[in-house]
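Engineer:
Number of protein chains: 2
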Amino acid sequence: MFTAYTDAAGPLTRERVLAAAGRVAERDGLDRLSMRTLARELGVSPMAMYRHVKNKDDLLDGLLDRLLAELPLPPESDPWQARLRFMAAELRALARRHPQLFVLLLQRPAVGSDAVRTRDAVEHALREAGIGPEEAARLQRLLSTVVIGFALSEVSGRFAGLDSDREFDAAVDLLLDAVVA
Amino acid sequence: MFTAYTDAAGPLTRERVLAAAGRVAERDGLDRLSMRTLARELGVSPMAMYRHVKNKDDLLDGLLDRLLAELPLPPESDPWQARLRFMAAELRALARRHPQLFVLLLQRPAVGSDAVRTRDAVEHALREAGIGPEEAARLQRLLSTVVIGFALSEVSGRFAGLDSDREFDAAVDLLLDAVVA
DNA sequence: ACCTGAACACCGTTCAAGT
DNA sequence: ACCTGAACACCGTTCAAGT
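In order, the protein sequences belong to chains U and G. Its first residue numbered 1270, the first sequence is counted upward by one per residue in the working numbering. Its first residue numbered 1270, the second sequence is counted upward by one per residue in the working numbering.
#1: Pick helix, strand or coil for G1381 (chain U), following the three-state DSSP scheme.
#2: Let me see if you follow: with CB-CB separation under 8 Å, is S1314 (chain G) close to chain U or not?
#3: Judging by CA-CA distance, which residue of G:L1333, G:A1358, G:K1325 and G:D1432 is the nearest neighbour of S1382 (chain G)?
#4: In whole angstroms, give me the CA-to-CA distance for E1436 (chain G) and P1348 (chain G).
#5: At the 8 Å Cβ level, is R1396 (chain G) part of the contact set with chain U, yes or no?
#6: Just mark V1449 (chain U) as buried or exposed, buried being the case when its beta carbon has 16 or more other beta carbons within 10 Å.
#7: Please report the Cβ distance between H1321 (chain U) and V1286 (chain U), rounded to the nearest whole angstrom; I am assuming they are in contact, meaning their Cβ atoms lie under 8 Å.
#8: Below 6 Å CB to CB, which residues in the same chain sit around E1423 (chain G) once its five sequence neighbours on both sides are set aside?
#9: Going along chain G in order, which residues have a C-beta closer than 8 Å to the C-beta of I1417 (chain U)?
#10: In chain U, which residues lie with their C-beta within 9 Å of the C-beta of S1382 (chain G)?
#11: Can you list, in chain order, the residues of the segment 1357-1384 of chain U whose Cβ is nearer than 7 Å to any Cβ on chain G?
#12: By DSSP, does F1437 (chain U) sit in helix, in strand, or in coil?
#13: Does the segment 1395-1404 of chain G come close enough to the segment 1367-1374 of chain U that 3 or more CB-CB pairs lie under 8 Å?
#14: List the residues of chain G whose Cβ lies closer than 7 Å to the Cβ of R1407 (chain U), in chain order.
#15: What do you reckon, are the CB atoms on F1419 (chain U) and T1306 (chain G) nearer than 8 Å?
#16: So, for Q1409 (chain G): in the same chain, excluding its five sequence neighbours on each side, which residues have a beta-carbon less than 7 Å away from its beta-carbon?
#17: Could you please give the first and the last residue of the uninterrupted alpha helix (DSSP H) stretch that includes V1293 (chain G)?
#18: Cα-Cα, which of U:S1314, U:R1352, U:R1407 and U:V1416 is closest to A1364 (chain U)?
#19: Along the chain, where does the alpha helix (DSSP H) containing M1318 (chain G) start, and where does it finish?
#20: Counting contacts by CB-CB distance shorter than 8 Å, is P1280 (chain G) in contact with chain U?
#21: So D1326 (chain G) is in the alpha helix (DSSP H); what residue range does that whole segment cover?
#22: Assuming the contact rule is C-beta atoms closer than 8 Å, L1412 (chain U) and L1374 (chain U) should be a hit. Round their C-beta distance to whole Å, please.
#23: Interface residues of chain U around F1355 (chain G) at Cβ under 8 Å?
#24: Rounded to whole angstroms, how far is the Cβ of L1342 (chain U) from the Cβ of L1360 (chain U), which I believe are closer than 8 Å?
#25: Distance check for G1312 (chain U) and A1439 (chain G), CA to CA, integer angstroms please.
#26: Out of G:R1309, G:E1295 and G:A1379, state which residue places its alpha-carbon closest to the alpha-carbon of F1428 (chain U).
#27: Within 8 Å (strictly less), CB to CB, does S1433 (chain U) reach chain G?
#28: Which residues of chain G have a Cβ atom closer than 8 Å to the Cβ of G1426 (chain U), listed in chain order?
#29: Give a yes or no on whether the minimum CB-CB distance between D1446 (chain G) and chain U is below 8 Å.
#30: I'd like to know whether the C-beta of L1311 (chain G) is nearer than 8 Å to at least one C-beta of chain U.
#31: Let me know the secondary structure DSSP gives R1427 (chain G) once reduced to three states.
Structure, rendered in structure tokens:
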């Protein structure tokens, strides 16, 4: 009558493991995501998952890849300012949709193809703004550090009691002004 | 002949517990700091420490307070630009001295008196730059988010292979230019 | 007053075994 | 091929007991 199965559709796959991990992380908190709680969520023994993820680090890397794959890129036809604002807003929206998973961005290097795609889009916009290649790479890192840092601060309660939309918008405005100048 | 005692000077105090915790965190990594490894470091049973820290969260809060207490403030006689650069450089030096503990700054809100002291010094400098109270508070958060975000990125390997001194200096320059403009 | 031992409910991961 | 059970070396924390 009762089984522990919460999510028993077909055989276990990497995608099913990662989807369940994302669900658990956002529902219960990233620090409550363990191989054992995840196995419980999937109605499976912990060891069954080791077919699909090498270990917990590999699981977290997979979650980070999945997260960045969700980030849309701006239309190439837009002017560079609009593209940068678009990406800042989308990164912010991503952080709001997945506040727990977003923390992974500052906790481990993102090396997947979607991470590269995102960085390239920002650098490309900065190059169009007339900025040289090295400076554009540095600005890209500055911008992403700020956006990620703000989102993480919000999640971790460092900005408790503040209007974080305003905080975020003010930061982006200041930085884009700095880029233009 | 042999004992487990590594640090057996006198009775256990909160200060001795925190000092040992900082040592373990920097030596073995923040994620390897456990109540049990810390007890081993102190040559004591884990439960002995619960006299001096309420729980592990209280231990981490104590570590964060101790970290910020180490941050020097700039001479009040200096002009505001010099004071901001001084603080950025000192925060950076603090991150280099305690890369593991520094991560705590983005992981939990800093509420101790030294945290307040530091934020006030930055805001005060910004007010002297002619910036209004709300804007100064926001800029203070932006500046600290950037500095902390960069230091954390470095520790977590997000900037692997880059000259992080250059990264940091370029970020501070750009932000201070933005403040002036 | 200060510390400890045993216990409870957890971790990640390996290894041999089951179907 | 795919999954499991038992085991190992860990966690944070409580509670009753020892000196």
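All C-beta atoms in this analysis are idealised placements derived from N, C-alpha and C, irrespective of residue type, glycine included. As the structure is a prediction and not an experimental result, all values here were calculated from the model.
Structural biologist: Per the coordinate set shown:
#1: Here G1381 (chain U) sits in coil by DSSP.
#2: No - not a single Cβ of chain U is within 8 Å of the one on S1314 (chain G).
#3: Among G:L1333, G:A1358, G:K1325 and G:D1432, the Cα nearest to that of S1382 (chain G) belongs to G:L1333.
#4: If you take the alpha carbons of E1436 (chain G) and P1348 (chain G), they lie about 25 Å apart.
#5: Chain U contact via Cβ: absent.
#6: Of the residues assessed, V1449 (chain U) falls on the exposed side of the cut-off, its CB having fewer than 16 other CB atoms within 10 angstroms.
#7: The Cβ separation is near 5 Å, so the contact holds.
#8: The answer, listed in chain order, is S1433.
#9: Identification of chain G residues near I1417 (chain U) by a Cβ-Cβ cut-off of 8 Å yields G1418, ordered along the chain.
#10: Residues of chain U whose Cβ lies closer than 9 Å to the Cβ of S1382 (chain G) do not exist, since the nearest Cβ in that chain is about 17 Å away.
#11: Flagged, chain order: L1375, Q1376, R1377 and P1378.
#12: Helix, per DSSP.
#13: For the pair of segments examined, the segment 1367-1374 of chain U was found not to touch the segment 1395-1404 of chain G: the number of CB pairs separated by less than 8 Å stays below three.
#14: Chain G residues near R1407 (chain U): E1436 and A1439.
#15: Contact: no.
#16: Scanning its chain for C-beta atoms nearer than 7 Å, with the 5 sequence neighbours on each side dropped, one finds around Q1409 (chain G) the residues R1388, V1391, E1392 and L1395, in chain order.
#17: Its alpha helix (DSSP H) spans residues R1283 to D1297.
#18: Of the candidates U:S1314, U:R1352, U:R1407 and U:V1416, the one whose C-alpha sits nearest the C-alpha of A1364 (chain U) is U:V1416.
#19: Annotation: M1318 (chain G) is outside any alpha helix (DSSP H) and is labelled neither H nor E by DSSP.
#20: So, not an interface residue.
#21: Segment K1325 to A1338, the alpha helix (DSSP H) holding D1326 (chain G).
#22: Incorrect: roughly 13 Å between the Cβ atoms, too far for contact.
#23: Scanning chain U for C-beta atoms nearer than 8 Å to the C-beta of F1355 (chain G) yields nothing, as the closest lies near 21 Å away.
#24: Taking a contact as a CB-CB distance under 8 Å, the pair L1342 (chain U) and L1360 (chain U) does not count as one, their CB atoms being some 11 Å apart.
#25: In a straight line, the C-alpha of A1439 (chain G) is about 51 Å away from that of G1312 (chain U).
#26: Looking at the Cα atoms, G:A1379 is the closest of the given residues.
#27: Judged by the 8 Å Cβ criterion, S1433 (chain U) is not in contact with chain G.
#28: Near G1426 (chain U) (Cβ distances below 8 Å), the residues of chain G are R1377 and P1378.
#29: The beta carbon of D1446 (chain G) sits closer than 8 Å to some beta carbon of chain U.
#30: Answer no: the Cβ-Cβ gap between L1311 (chain G) and chain U never drops below 8 Å.
#31: Under the three-state reduction of DSSP output, R1427 (chain G) falls in the coil class, being neither helix nor strand.
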